[in-house]
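First up is the structure itself, then whatever we jot down about it.
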Amino acid sequence: MLDLSAVVSGPLAAALLADQGASVLKIEPPGRGDVLRWVGSSRGGMSATFHLNNRGKRSLALDLSKPRGLAILERLVPEADVFIQNFRPGVATRMGFGWERLHALNPRLVCLSISGFGNAGPSAQKRVYDNVIQVHSGMNDAQRDPRSGEPQPLRQLLCDKLTAITAAQAVTAALFARDRQGVGQHVELSMLDSAIGFLWPDSAEQHAFVGEGVELRPSPGSTYSLMRLRDGWGTATPLTDAEFQGLCRAFGLAQVAADPRFATVADRMQNVAALAALFQGEIAEAAARMTRREFSQALDAEDVPAGVVVPIGELHGDPQVVANGTFVLSDHPRAGRLREVRPAARFGSTPARVGSAAPDLGQHTDEVLRELGLADQIAALREEGVVA
304 MLDLSAVVSG
314 PLAAALLADQ
324 GASVLKIEPP
334 GRGDVLRWVG
344 SSRGGMSATF
354 HLNNRGKRSL
364 ALDLSKPRGL
374 AILERLVPEA
384 DVFIQNFRPG
394 VATRMGFGWE
404 RLHALNPRLV
414 CLSISGFGNA
424 GPSAQKRVYD
434 NVIQVHSGMN
444 DAQRDPRSGE
454 PQPLRQLLCD
464 KLTAITAAQA
474 VTAALFARDR
484 QGVGQHVELS
494 MLDSAIGFLW
504 PDSAEQHAFV
514 GEGVELRPSP
524 GSTYSLMRLR
534 DGWGTATPLT
544 DAEFQGLCRA
554 FGLAQVAADP
564 RFATVADRMQ
574 NVAALAALFQ
584 GEIAEAAARM
594 TRREFSQALD
604 AEDVPAGVVV
614 PIGELHGDPQ
624 VVANGTFVLS
634 DHPRAGRLRE
644 VRPAARFGST
654 PARVGSAAPD
664 LGQHTDEVLR
674 ELGLADQIAA
684 LREEGVVA
């Protein structure tokens, strides 16, 4: 697998596939490499963000603006199964490795091209980062503060990561199709489409029906809120009638349990404003008198879906996370001991594993050139700045 992508959307997709056994060669420009190398916390000159998005790969520092650099890429393509890039639309073609050229070099190649907005339309050529897609996709609109009505950003690279997961699934499907049909294909994926597709099944369901006669109800998740506790924060989601009655018992709210406005799911949906006021009033007041432990015990006893906020920095010691074996420790030759998340899916026969340490820029350049039969040209290529 050849990974020419940068930042998160493409690199994370390749890292996920590397966790599942793919052999990935990351191709970066000499001198600076992927900009993600300089983002986030670091130790020993290695960015944690870069490592987590590029583990399990080899690195070839190759200048594709030079004819000899492009010639080296053309020697790699016939041996590859997958080619990943996230340049702006048209850039790869202008640089000499668009889909037509790649397909001619290797008809069985699966080429994944990731873009921000797609290959056509008024925004196709815009420079894009995650937050730009958040605002354009409706993601921030869906996160409006229920009190102020102001749209809210998601302070993480959610759209990048959604695109990466979609990309990994798409590559797997394209490889399966190739095994059936004998030929590769070009897969085009935009961050905008990935984000909207993720949003639509729940946060945007009110807009699924076209035309009149729609009985509008709150979207799933739109009433989610956090309750302040004596020593932290918690949340509860009483969806069914039994769960709502259980919440009332846990909080000692017999009068609420008897209120006909909240008797059934349909009643609560018809009186959603009163329900919201209830959660901000009596339920919030009852929760505020509880510790996190008391909150969890009371609601668990009534079988009400509930939980308390676990700080990210404490997740590795959380009993459930420990029981799942979610985290694994690894050692990076320069960055030292690292805590990483194992692949979420557990395969019974073909287990995935956390990839090896993310490479230094050009760490495997000589190794790759020798594999291509270019051992006698390494010094000259490095002198010319074609590789590093």
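Residue numbering for the sequence shown is 304 to 691, as defined by the numbering used here.
In this text, a Cβ means the ideal position worked out from N, Cα and C, and glycines have one as well.
Everything numeric in this text was worked out from a predicted model, so none of it was measured.
- Query: Is the Cβ-Cβ distance between residue 469 and residue 497 less than 8 Å?
  - Reply: yes
- Query: In three-state terms, what does DSSP make of residue 442?
  - Reply: helix
- Contact set for residue 325: own chain, Cβ-Cβ below 6 Å, skip 5 residues either direction: 304
- Query: When burial is assigned at 16 or more other CB atoms within 10 Å of the CB, is residue 410 buried or exposed?
  - Reply: exposed
- Per DSSP, the bridge partner or partners of residue 630: 644
- Taking contact to mean at least 3 C-beta pairs separated by less than 8 Å, is the segment 480-497 in contact with the segment 427-444? yes
- Contact the segment 312-331 vs the segment 624-631: 3+ CB pairs below 8 Å: no
- Measure the Cβ-Cβ separation of residue 678 and residue 672 and say whether it is below 8 Å. yes
- Message: So, does the segment 455-466 touch the segment 476-491, judging by three or more C-beta pairs under 8 Å?
- Response: no
- Under the three-state reduction of DSSP, which class applies to residue 494: helix, strand or coil? helix
- With distances taken from CA atoms, which of 480, 592, 601 is nearest residue 273? In the structure as shown, the chain begins at 304 and stops at 691. Residue 273 is therefore absent and cannot be evaluated.
- Could you have a look at residue 488 and say whether DSSP puts it in helix, strand or coil? coil
- Message: Check this for me: beta carbons of residue 538 and residue 532, under 8 Å apart or not?
- Response: no
- Message: Quick check on the DSSP output: the beta strand (DSSP E) that includes residue 386 runs from which residue to which?
- Response: 385-388
- Assuming residue 590 contacts residue 358 under a Cβ cut-off of 8 Å, what Cβ separation, rounded to an integer in Å, is found between them? The pair is not a contact, with the Cβ atoms about 41 Å apart (cut-off 8 Å).
- Note down the Cα distance separating residue 561 from residue 555, rounded to an integer number of angstroms. 12 Å
- Item | Of the residues 311, 567, 343, 606, the one placed nearest residue 692, counting alpha carbons only | A query on residue 692 cannot be resolved here, the shown segment of the chain reaching from 304 to 691 and no further.
- Message: Distance check for residue 552 and residue 455, CA to CA, integer angstroms please.
- Response: 34 Å
- Quick one: grab the DSSP three-state call for residue 329. strand
- Task: Starting from residue 418, follow the beta strand (DSSP E) in both directions and report where the run begins and ends.
- Result: 413-418
- May I have the straight-line CA-CA distance separating residue 477 from residue 413, to the nearest angstrom? 7 Å
- Contact check, residue 350 vs residue 338, beta carbons under 8 Å: no
- Message: Suppose contacts are defined by Cβ-Cβ distances below 8 Å. Is residue 682 in contact with residue 354 by that definition?
- Response: no
- Shortest alpha-carbon distance to residue 250 belongs to which of 654, 547, 347? Given that the chain is displayed from residue 304 to residue 691, the structure contains no residue 250 and the question cannot be resolved.
- What are the boundary residues of the beta strand (DSSP E) that includes residue 707? One cannot answer for residue 707 here, as it falls past the ends of the chain, which runs 304 to 691.
- Task: Give the secondary structure of residue 362 by DSSP, where H, G and I count as helix, E and B as strand, and everything else as coil.
- Result: strand
- Query: Measuring CB to CB, does residue 378 end up less than 8 Å from residue 675?
  - Reply: yes
- Message: Output needed for residue 402: all residues of its chain with C-beta closer than 6 Å, excluding positions within five of it in sequence on either side, in chain order.
- Response: 414, 489
- Can the beta-carbon of residue 445 be found closer than 8 Å to that of residue 519? no
- Message: Less than 7 Å between C-beta atoms, sequence neighbours within five positions excluded: which residues of the same chain meet that for residue 334?
- Response: 691
- Item | Three-state class that DSSP yields for residue 539 in the structure shown | strand
- Have a look at the DSSP bridge pairing and note the partners of residue 349. 346
- Message: Please return the same chain residues whose Cβ sits closer than 8 Å to the Cβ of residue 508, not counting the five positions on each side in sequence.
- Response: 522, 523
- Cross-strand partners of residue 531 (DSSP beta bridge): 536
- Query: Taking DSSP as the reference, what is the three-state secondary structure of residue 549?
  - Reply: helix
- Three-state secondary structure assigned by DSSP to residue 690: strand
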